[in-house]
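Since the structure comes first, as structure tokens, the remarks are kept for the end.
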Amino acid sequence: MPRLRLLSLLAFALPFAAVSAETSGTRSDNPKQTAMDRAVDTAAATFFESRCHAGLSIAVVTASGEHIYDYGFADRQKGTPPMPDSVYEIASVTKSFTASLAAAAVHDGKLSLDGDIRKDLPGSYPNLIAGGRPVTLATLLTHRSGMPRDIPDSDAIFAAKDPHTLPAQLRALMRGQDEKRFLKALHDTRLRSTPGTEETYSNAGFILIGAALEHVYKVPYANLLQQRILTPLNMTSTTLTLTSAQQARRVIGYDMFGQPAPDHPSNAGAAWGLWSTPADLAKYVRWQLDETDPVVALSHQPLADGKDERIAMAWHLEQIDGRPVISHGGGSFGASSHVVLFPQSHTGFALLANDTCKGTEGALKQLALTAERQAGTRP
């Protein structure tokens, strides 16, 4: 801890703005000139009340422009700050990208929300039906398909609730897994519930969506992502596989004990495998705020009811303070993320933290809610 304090005191010597008084010594490049600057800084101060957090990047998009704010450390040992082009794991925010591709497929007539997903897969899967109801794209997108959390089955690992061993055990379980092995194992998968009846979080369900997309378009998921989202939005640093140049810009992720954490498994893919930057996610947020785009509008339509919210194509739909809020979060072994959209004020946030401290994912969402409210962006 003394080393961290020393690095904070030396922040002025680096190409990073002076230490922010509002954030109690947390280094930041926030200029604190506009109402949004100050609102973000105040909300970030609350976030950093937990000394577990390392670094934080916030991309804010409004009708008039965008700004990226960076706080803390991308690498605690080196004392380097995060930057707009720093590369983070975005974890399950990846699911919103997969959902957008699914929305495009529905719009193109390639997939159907309520049709039997088995017709969109190579091979025969008589096991993907229960209670007379087949697994559908809609049930996969809303975590109501009955699919297990992971394939291979990770239930025993998560049931142990041991954060010290979980990352290594899950990575070992997934080692060597690819789509071919996934589809082979899918033949032996037992649904945990009748599709459409129970919410059961499933990474495997989104891997399955990725496989269906590949089958109907005859294009690998990574290529489809590039063609339909990344290239049109000029997102040049969002990828499933890092180049050496991107690797050099990646932040160090930290677990809840403050130790460097391993990356997600290599087969996380369409469920939680993307890397991105604050600058790239600002472009993604701008697109997601444009509901004149038929794909975006479709992906935000409610498909199921949850507790105090509705579920769209992966997105969570809520009414907060009487206004609609659309969001999706994510967490990995050493990363937390959230995208939060405020359609009425045409404001959106992408928030990235390089830690998986207790409650980080929810704290990122709360930061966005607080900053948007205090900035006075409401119409």
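Using mature numbering (1 follows the signal peptide of the UniProt record, and there is no 0), the letters of the sequence shown correspond one by one to residues -21 to -1, 1 to 358. Glycine is no exception: its CB is placed at the ideal position from the N, C-alpha and C atoms.
Residue i versus the options, residue with shortest Cα-Cα distance
i: residue 292; options: 206, 33, 81, 48; result: 81
i: residue 58; options: 41, 226, 7, 107; result: 7
i: residue 30; options: 236, 133, 91, 92; result: 236
i: residue 259; options: 289, 209, 106; result: 209
i: residue 36; options: 268, 338, 256; result: 256
i: residue 198; options: 161, 262, 268, 89; result: 89
i: residue 225; options: 65, 50, 32, 28; result: 65
i: residue 95; options: 325, 63, 174, 205; result: 174
Straight-line Cα distance separating residue j from residue i
i: residue 177; j: residue 119; result: 11 Å
i: residue 165; j: residue 130; result: 7 Å
i: residue 354; j: residue 11; result: 12 Å
i: residue 194; j: residue 187; result: 11 Å
i: residue 281; j: residue 117; result: 10 Å
i: residue 106; j: residue 252; result: 27 Å
i: residue 140; j: residue 147; result: 13 Å
i: residue 16; j: residue 302; result: 22 Å
i: residue 108; j: residue 262; result: 39 Å
i: residue 309; j: residue 317; result: 6 Å
i: residue 34; j: residue 56; result: 12 Å
i: residue 305; j: residue 348; result: 11 Å
i: residue 229; j: residue 28; result: 25 Å
Contacting residues, own chain, Cβ-Cβ under 6 Å from residue i (five flanking each side not counted)
i: residue 153; result: 244, 246
i: residue 232; result: 240, 313, 314, 333
i: residue 350; result: 18, 19, 22
i: residue 270; result: 276
Opening and closing residue of the beta strand (DSSP E) in which residue i lies
i: residue 290; result: 288 to 290
i: residue 137; result: Careful: residue 137 lies outside any beta strand (DSSP E), inside the alpha helix (DSSP H) at 134 to 139.
i: residue 37; result: 34 to 41
N- and C-terminal bounds of the alpha helix (DSSP H) containing residue i
i: residue 278; result: 273 to 278
i: residue 130; result: Careful: residue 130 lies outside any alpha helix (DSSP H) and carries neither H nor E.
i: residue 233; result: Premise fails: residue 233 is in no alpha helix (DSSP H) and is neither H nor E.
Cβ shell of residue i (< 7 Å), same chain only, five flanking positions each side left out
i: residue 189; result: 77, 200, 248, 249
Cβ shell of residue i (< 8 Å), same chain only, five flanking positions each side left out
i: residue 85; result: 91, 92, 116, 277
i: residue 122; result: 178, 179, 180, 181, 184, 290
Inset, instruction - Count the C-beta pairs between the stretch 201 to 219 and the stretch 292 to 310 that are closer than 8 Å, then say yes if the count reaches three, no if not. - result: Touching, no, given that fewer than three Cβ pairs across the two stretches are closer than 8 Å.
Inset, instruction - Check whether the stretch 339 to 353 touches the stretch 90 to 106, taking contact to mean three or more Cβ pairs, one atom from each stretch, closer than 8 Å. - result: The stretch 339 to 353 vs the stretch 90 to 106: no contact.
Legend entry - Segment contact flag, the stretch 182 to 190 with the stretch 69 to 84, C-beta cutoff 8 Å, min 3 pairs: The stretch 69 to 84 and the stretch 182 to 190 touch, with three or more beta-carbon pairs separated by less than 8 Å.
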